[in-house]
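All remarks here apply to the structure that follows.
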Amino acid sequence: MTKPFIFIFPGQGSQKVGMGHELYKNHRVAKDVFDEIDETLGMNLSKICFEGPDSELTLTSNTQPALMAVSIAIVKIIEHELQKKISDLANIVLGHSLGEYSALCSIGSISLSSAAKLLRERGLAMQNAISNLETMMRAVIGMDLGVIEDTIKQTKLNNGEICEVANDNSPGQAILSGTKIGVEIISSELKKKGAKRLIDLNVSAPFHCSLMKPASQEFKKHIIQTQFSELRSTIISNVNASLENNLKKIKGLLVEQIYSRVRWRESIIKAENSNPKSIIEIGCGKVLTGINKRIGINCDNINISNTSDFKIFIEHYAGIL
-3 MTKPFIFIFP
7 GQGSQKVGMG
17 HELYKNHRVA
27 KDVFDEIDET
37 LGMNLSKICF
47 EGPDSELTLT
57 SNTQPALMAV
67 SIAIVKIIEH
77 ELQKKISDLA
87 NIVLGHSLGE
97 YSALCSIGSI
107 SLSSAAKLLR
117 ERGLAMQNAI
127 SNLETMMRAV
137 IGMDLGVIED
147 TIKQTKLNNG
157 EICEVANDNS
167 PGQAILSGTK
177 IGVEIISSEL
187 KKKGAKRLID
197 LNVSAPFHCS
207 LMKPASQEFK
217 KHIIQTQFSE
227 LRSTIISNVN
237 ASLENNLKKI
247 KGLLVEQIYS
257 RVRWRESIIK
267 AENSNPKSII
277 EIGCGKVLTG
287 INKRIGINCD
297 NINISNTSDF
307 KIFIEHYAGI
317 L
């Protein structure tokens, strides 16, 4: 059965202090999500979401479960108001990096408490992997991915210095990740070749590069110990941009994803090929919605990050919900 929507879930870079607070105050089902995550983690993550400070929210061990909390709070509002499961509305879900866990939780493959624990451990493993290194991530705007990849191959870096493409987000937008010196050297070369803009990302670790391999091994044991249920919708993996529903393979891809490139551009094109009515971003902000528009996705692209957005969604699609 063809279902009208594809739901997508944001990753790091979408967070902001205050996110989710309006949902928490106005929807009991959203409050329940935040309360359960606080209890599961034994910390007041809700307070960090709602009040900050930004320096605490930006720590990846906090950012990851926090962004998932906002996304799943919105999922629960949708399900409560429509009396339908996300899997009743979408054949396909996908997420950007940590958003894959939000996607899996949204369709009941992992529980809310499991998602919170996994993302907390994932974030801690990532932070601990680079405790003695100066690292960074940087967006490259206005340059073809092939030119970036060729530049990295052709530029000799000193031993220990690393720069890799972490995200292929859209034509003209890629993310570099690695050691600070490595990224700076490659950035300098890209600037000479005509990169329009270079933007440093406000993150606490160099995600999706080989520096994260130790983190993936540390995290693997947590994935192995976590119970997954059969998928009620199909997920598109960041690692291979392919439709996946085999749980054993998905677990392996989640481990591999920590140090692998996020192939978002390819993934969202794959998703659109299923001819959805709309691709809907669920979570804080509309970063992915903007990226999808730059890719040239032709179906409707909308985001739901608060009650007002949800009401617009209901009004717009009243005839098919």
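Under this note's numbering, the first residue of the sequence shown is numbered -3, with each subsequent residue one higher. Built from N, CA and C at the ideal position, the CB exists for glycine as well.
- Judged by pairs of C-beta atoms under 8 Å, the stretch 196 to 208 does not touch the stretch 235 to 247, as fewer than three such pairs exist.
- F3 places its beta carbon less than 9 Å from that of A99.
- V258 sits close to A162, with the two beta carbons spaced by under 9 Å.
- Considered as a whole, the stretch 177 to 249 harbours 209 to 221 as its complete alpha helix (DSSP H) runs of no fewer than 4 residues, in chain order.
- Boundaries of the alpha helix (DSSP H) around L37: R24 to L37.
- In this structure, the beta-carbon distance from K273 to I316 falls below 9 Å.
- By the neighbour-count criterion, in which 16 or more other beta carbons inside 10 Å mark a residue as buried, N294 falls on the exposed side.
- In this structure D164 is buried. Its beta-carbon is surrounded by 16 or more other beta-carbon atoms within 10 angstroms.
- Between the stretch 175 to 195 and the stretch 150 to 157 there are three or more inter-stretch CB-CB distances shorter than 8 Å, so the stretches are counted as touching.
- Burial state of K43 is exposed, judged by a 10 Å Cβ sphere holding fewer than 16 other Cβ atoms.
- When the alpha-carbon of S304 is set against those of F1, P0, T54 and I74, the nearest one is in I74.
- As the crow flies, the alpha-carbon of H23 is around 33 Å from that of E240.
- Between E145 and L90, the alpha-carbon positions lie close to 25 Å from each other.
- Per the C-alpha coordinates, the member of N198, H204 and M139 positioned closest to K192 is M139.
- Your pair K(-1) and A69 does not check out as a contact, with CB atoms roughly 22 Å apart and the cut at 8 Å.
- Measuring C-alpha to C-alpha distances from H204 to each of Q253, L194 and C280 identifies Q253 as the nearest.
- In the DSSP assignment, T175 forms a beta bridge with T131.
- Counting only runs that start and end inside the stretch 265 to 293, the alpha helix (DSSP H) elements of at least 4 residues fall at 283 to 291.
- Note that the C-beta distance between N271 and K282 is not below 9 Å.
- Only exposed fits I308, as fewer than 16 other CB atoms lie within 10 angstroms of its CB.
- When beta bridges are read from the DSSP output, S107 appears opposite no residue.
- For L85, the enclosing alpha helix (DSSP H) covers residues I82 to L85.
- Counting the other CB atoms within 10 Å of its CB gives Q223 a total below 16, which places it among the exposed residues.
- For V143, the enclosing alpha helix (DSSP H) has its first and last residue at L141 to Q150.
- According to the DSSP assignment, E160 belongs to the beta strand (DSSP E) that extends over C159 to S166.
- By the neighbour-count criterion, in which 16 or more other beta carbons inside 10 Å mark a residue as buried, E130 falls on the exposed side.
- For the options N40, S67, C101 and R261, the alpha carbon positioned closest to that of N58 is the one of N40.
- For L63, the closest of S83, P49, F5 and D50 by C-alpha to C-alpha distance is F5.
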